[in-house]
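Undergrad: Protein chains in written order, with our numbering: chain A, 1 to 108; chain B, 1001 to 1206. For each residue, glycine too, the CB sits at the ideal point set by N, CA and C. On a predicted model such as this, the values are computed, not experimentally measured, just so you know. I have a structure here, written as structure tokens, and I will follow up with some questions on it.
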Amino acid sequence: MSEHAHHDAHAPHAGEHAHPTARKYIAIAIILTIITVIEVAVFYVSSLHAFLPPILLTLSAIKFGVVAGYYMHLRFDPKMYSWVFYVPMAFALAITLALLWLTAAQRG
Amino acid sequence: MSEAIAATAGSVPVVHDDHHYTSTGQSSRKILFWTFIGSECMLFGSLIATYLVYRGKDKIGPHPSEILNIPLTSVSAFVLLMSSLTMVLALAAIQKRNMNGARLWLAATATLGMMFVSFQIYEFSHFVHEGLTLSTNLFGSTFFVLTGFHGAHVTVGVIWLWTLFFLTFTGRIGPKNDLDVEICGLYWHFVDVVWVAIFTLIYLLR
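Take a look at the structure:
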């Protein structure tokens, strides 16, 4: 009885879902490694240099999203955490783009 | 190692105990820490923005293309990526009450973090030897401040991980305190995703 009550105290809280298994974590690590290998390989292919920015930014964004979603559990935890993380990141991205645009305009 | 993986296999329930919960039903410490990570996004965003704004405006070298070592940094990026795997395995182990597994993966994560910092110390000392310092040019200033801040964060994470590792032996960290490991993990994965951005924007897109 007391042990049962103890397990109840460990139940998932509002909006939380069970986290992935260890095997899934390893599968995700393999995917992340493959993406990193592709990133570095693309860097050394001279014929792809014109397309480097979109290719590398896309691959980097996928890695970022996978780590945040699965390893930081944003896919499984309440959406509130995603908002707290992604909104400041969107601000940071907006400030970066605005600064780049302003300095490019000054040069132009 | 395979035993430790097997011991952490299976669906991992989200379990917390001995924590203060807000009216949202979520741990106040976890909400606080996510807010801190949000503020860290702004910090690293501003440092990356500063680097990008001043990129290519140096009149004197060394310039990024002359000095950045992609093979070395690729290995250090891989090391940090793998440390994120060992970190989640540590959390999965402690949530399954497998303390030996948790200790193994915490120590592995801290060791990989130390390897990453060692790579960075080697890179910094090589750059200084090549004539690039904080005051050499805009590249040196923005590069050392950005990557130095990141390295300092990794160092704090390593100290935090070893602290958790030793506390598992005293009983201060156990299945009931899995949130302590989860919060440390959030910090560690954040440091990892920041390096994902730095590796692409500073090293590969130059």
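Tell me which residues share the same chain as methionine 1114 of chain B and place their Cβ nearer than 8 Å to its Cβ, disregarding the 5 neighbours each side in the sequence.
TA: These residues qualify, in order along the chain: Val1158.
Undergrad: Going along chain A in order, which residues have a C-beta closer than 8 Å to the C-beta of glycine 1171 of chain B?
TA: In chain order: nothing, as chain A lies at least about 17 Å away.
Undergrad: Measuring CB to CB, does leucine 1085 of chain B end up less than 8 Å from alanine 92 of chain A?
TA: For leucine 1085 of chain B and alanine 92 of chain A, no; Cβs fall outside 8 Å.
Undergrad: Hey, does proline 53 of chain A have any beta-carbon neighbour from chain B nearer than 8 Å?
TA: Yes, contact with chain B.
Undergrad: Taking Cβ-Cβ distances shorter than 9 Å, what residues in chain B pair up with alanine 105 of chain A?
TA: Those within 9 Å of alanine 105 of chain A in chain B number zero; the least Cβ separation is about 12 Å.
Undergrad: Please work out which residues of its chain come closer than 6 Å, Cβ to Cβ, to valine 42 of chain A, disregarding the five sequence neighbours upstream and downstream, and give them in chain order.
TA: Answer for valine 42 of chain A: Leu48 and Ile55, listed in chain order.
Undergrad: Mapping DSSP to helix, strand and coil, what is glycine 1157 of chain B?
TA: Here glycine 1157 of chain B sits in helix by DSSP.
Undergrad: Would DSSP call leucine 74 of chain A helix, strand or coil?
TA: Coil, per DSSP.
Undergrad: So, at 6 Å on beta carbons, what are the nonlocal neighbours of tryptophan 1162 of chain B in its own chain, with the 5 sequence-adjacent residues on each side left out?
TA: The answer, listed in chain order, is Ala1110.
Undergrad: What separation, rounded to the nearest whole angstrom, lies between the Cα atoms of methionine 89 of chain A and phenylalanine 1036 of chain B?
TA: Going from the Cα of methionine 89 of chain A to the Cα of phenylalanine 1036 of chain B covers about 12 Å.
Undergrad: Express the C-alpha separation of leucine 1179 of chain B and lysine 1030 of chain B in angstroms, rounding to a whole number.
TA: Those two C-alpha atoms are separated by around 8 Å.
Undergrad: What three-state label does DSSP hand proline 111 of chain A in the structure shown?
TA: As shown, chain A starts at 1 and ends at 108. That puts residue 111 of chain A outside it, with no answer to give.
Undergrad: Roughly how many angstroms lie between the CA atoms of threonine 1170 of chain B and valine 1194 of chain B, to the nearest whole one?
TA: So the alpha carbons of these two residues sit roughly 33 Å apart.
Undergrad: Going by DSSP, what residue range makes up the alpha helix (DSSP H) through glycine 1071 of chain B?
TA: First, the residue type needs correcting, since residue 1071 of chain B is proline and not glycine in the sequence shown. Counting along the chain, the alpha helix (DSSP H) containing proline 1071 of chain B begins and ends at 1070 to 1095.
Undergrad: Rounded to a whole number of angstroms, what is the C-alpha to C-alpha distance between alanine 27 of chain A and phenylalanine 76 of chain A?
TA: Using only the alpha carbons, I get a separation of about 17 Å.
Undergrad: Across the segment 1086 to 1105 of chain B and the segment 1139 to 1155 of chain B, are there enough close Cβ pairs to call them in contact, namely three or more that are closer than 8 Å?
TA: The segment 1086 to 1105 of chain B vs the segment 1139 to 1155 of chain B: no contact.
Undergrad: Tell me whether glutamine 1026 of chain B is buried or exposed, calling it buried when 16 or more other Cβ atoms sit within 10 Å of its Cβ.
TA: Per the 10 Å Cβ criterion, buried.
Undergrad: Measuring only the C-alpha atoms, how far is threonine 1142 of chain B from leucine 1047 of chain B?
TA: Going by the C-alpha atoms only, they are around 8 Å apart.
Undergrad: How about isoleucine 1067 of chain B: is its C-beta nearer than 8 Å to some C-beta of chain A?
TA: No, its Cβ sits nowhere closer than 8 Å to a Cβ of chain A.
Undergrad: If you pair each beta-carbon of the segment 1047 to 1057 of chain B with each one of the segment 1121 to 1136 of chain B, do three or more pairs fall below 8 Å?
TA: Touching, no.
Undergrad: Is there a C-beta anywhere in chain B that falls below 8 Å from the one on valine 67 of chain A?
TA: Output row for valine 67 of chain A: interface = yes.
Undergrad: Consult DSSP for threonine 103 of chain A and reduce its assignment to one of helix, strand or coil.
TA: The answer is helix: DSSP assigns threonine 103 of chain A an H, G or I state.
Undergrad: Taking all protein chains shown into account, decide if tryptophan 1034 of chain B is buried (16 or more other Cβ within 10 angstroms of its Cβ) or exposed.
TA: It is buried - the Cβ of tryptophan 1034 of chain B has at least 16 other Cβ atoms within 10 Å.
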